[in-house]
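Read the structure below first, then the notes.
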Amino acid sequence: MEFINSAEAKALKLPFSQAVRVGDVLYLSGALGNRPGTLELVAGGMEAETRQTMENIKAVLEENGLGMADIFKCTAMLADMSRWPDFNKVYAGYFDPDRLPARSAFGANGLALGALVELECCAYMGNRPKV
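Counting with the UniProt record's numbering, you get residues 1 to 131 for the letters of the sequence shown.
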């Protein structure tokens, strides 16, 4: 196993790793719509938080030589399930419509930092070397 944290993530001293590589799979911890390197959520509601969440996930993938197309499974947690269409509008734009990851979702009461959305993903690393 390889435990992965960027310098920014280490500086926040959070009690988890950004990602863990096990074999050919990179397991990403749940991502929020916080500004990189801070514990401050972006302003603007569900769509803005979802966009920042996706950008945060994209950054972790890129640091590990991957892209959004390498994601094969996501779990979405929404503070308000009635906002599902707002989440999907942004989320779907980050994937090829013919290669959407498998996904589970549920409503959650009390996400970290008071977030409206949290998303965790698994990505396939294939035969890429460890970074």
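C-beta atoms are modelled at their ideal positions from N, C-alpha and C, and glycine is treated no differently.
- DSSP places Phe95 outside any beta strand (DSSP E), giving it a letter other than H or E.
- Counting only runs of 4 or more residues that sit fully inside the segment 5 to 48, the alpha helix (DSSP H) segments are 7 to 12, in chain order.
- The segment 83 to 94 and the segment 19 to 34 do not touch, with fewer than 3 CB-CB distances between them shorter than 8 Å.
- Going by beta carbons, Tyr27 and Met54 fall outside the 8 Å limit.
- Put simply, the segment 32 to 44 does not touch the segment 93 to 109. Fewer than three CB pairs are less than 8 Å apart.
- Pairing Leu14 with Gly45, the inter-Cα distance amounts to about 24 Å.
- In this model, Ile57 and Asn109 are separated by some 22 Å (Cα to Cα).
- When the five nearest sequence neighbours on each side are left out, the beta carbons in the same chain lying within less than 6 Å of the beta carbon of Gln52 are those of Gly33 and Val42, in order along the chain.
- Bridge partners of Lys58 according to DSSP: none are assigned.
- The closest CA to that of Glu63, considering only Glu49, Ala9 and Thr75, is found on Ala9.
- For the pair Asp70 and Glu120, the Cα-to-Cα distance works out to about 14 Å.
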